[in-house]
Amino acid sequence: GGGGGGGGGAGWSAGGVPCVGFVGNGVTPTNHLAIEWFLDQVWPGLRAKVPGLRLRLVGLRPDDRPKKLRGEGCAQRGSGGARCGWAWGTRFAGREEESGIDSLGFLSEQDMRAELTSWRAMVVPILHSTGVNTKLLPALQWGVPIVLTSVAATPLAIPADGSVALIADDDAAFERHLCRVLLEPQVRLSLAAASSAHWQRLLADDREAADVASLMQLACSVRAAPEESRPLPLPHSPRGAGRALVEGLQAARPHARSRCFAQGERRQQGAPAVLVALHGSSGGEA
């Protein structure tokens with residue numbers, strides 16, 4: 064995907080109704096606790112200042128997993144059971160529609176882009192995090208203004224000075240910043256452009272890619288060295304694997320062939336190293 068430019072429509076609101084939104088898996092505690100806090104602490108005052116405002120929630124609802132596993136509706140389990148929807152445990156539970164809360168579930172990429180670029184802002188009230196909040200990436204890519212906590216901002220190098228997104232670590236700051244974005248078109252335009260520009264910077268300055276490139280260069284140098292000078296023995300592929308697997312991969316993707324495994328340099332029993340990086344707070348997320 065290229066740069067942003069999504070958040071440029073007149074009003075940036077579905078059907079003329081001002082919207083802010085959130086993207087996330089509601090089964091993940093960091094997500095549903097963030098929205099619970101936002102609904103309790105920010106939403107009442109914000110909606111009083113911006114009548115008709117709606118909160119659009121994209122992603123798995125907090126009650127979807129127990130529904131699927133037990134084959135029953137969330138309401139059947141009572142108050143001591145599953146978290147019944149995004150507003151569970153708040154004053155808005157059971158009256159989400161009239162309170163301006165829309166739970167959209169999963170969306171296709173096309174629908175996701177249309178939805179996000181209709182928002183006046185993405186809210187990311189994450190209070191605790193295990194790493195990069197990938198929910199921010201489409202907002203940056205498509206030029207959506209963002210109001211978020213410093214916990215969510217730090218992993219993607221979003222500065223605290225408000226030049227890319229507005230940072231809010233308490234309810235008063237969230238309400239204040241969102242009111243600015245909702246009511247001041249120039250602020251929205253500036254933040255939309257800043258989101259797109261930061262996305263381009265992330266693409267151009269990929270520190271993780273540089274780290275992996277350095278690691279692979281080291282692996283190449285070790286593989287090219289004589290056996291006796293290697294710091295560790297060259298790994299050997301399991302019996303019946305190795306060469307056939309490597310050749311199959313090379314035939315399928317010749318353009319991706321590394322110099323380490325160029326034709327004529329491949330050792331009979333050598334096998335490539337595969338680096339797998341997982342991100343997530345649980346095995347299921349990973």
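Residue numbers (our numbering): 64 to 349. Virtual Cβ for every residue (Gly too), placed ideally from N, Cα, C.
Asked	Found
Just how far apart, CA to CA, sit Trp106 and Glu161?	13 Å
Roughly how many angstroms separate the alpha carbons of Ser277 and Arg270, rounded to a whole number?	11 Å
Would you call the region 178 to 188 and the region 197 to 208 in contact, with 3 or more CB pairs under 8 Å?	yes
Can you give me the Cβ contacts of Ala97 inside the same chain, cut-off strictly under 7 Å, excluding the 5 residues immediately before and after it?	Pro188, Ile189, Leu190
Which partner residues of Arg117 appear in the DSSP bridge assignment?	Cys82
Would you call the region 224 to 235 and the region 251 to 263 touching, i.e. three or more CB-CB distances under 8 Å?	yes
Taking Cβ positions, are Arg239 and Val250 nearer each other than 8 Å?	no
I'd like the span of the alpha helix (DSSP H) that includes Asp234, first residue to last.	234 to 246
Compare the Cα-Cα distances from Pro81 to each of Trp151, Ala216, Leu118, Ala287 and report the closest residue.	Leu118
Please report how far the alpha carbon of Gln104 lies from the alpha carbon of Pro222, in whole angstroms.	25 Å
State the start and end residues of the unbroken beta strand (DSSP E) segment that holds Ile164.	164 to 168
Okay, do the region 82 to 95 and the region 174 to 182 touch, 3+ Cβ pairs below 8 Å being the bar?	yes
Report the option in Pro248, Asp234, Ser258 whose CA atom is closest to the CA atom of Ala216.	Ser258
Give the DSSP-derived three-state secondary structure of Ala202 in the structure shown.	helix
Three-state secondary structure (DSSP) at Ile98?	helix
Sorted by chain position, which residues of the same chain lie with C-beta nearer than 7 Å to Arg110's C-beta, five sequence neighbours on each side aside?	Leu116, Gly163
Where do the N-terminal and C-terminal ends of the beta strand (DSSP E) with Leu109 fall, by residue?	Per DSSP, Leu109 belongs to no beta strand (DSSP E); it is in the alpha helix (DSSP H), 106 to 112.
I'd like to confirm the pairing. Which residues does DSSP put opposite Leu219 in its beta bridges?	For Leu219, which the question treats as bridged, DSSP gives no partner whatsoever.
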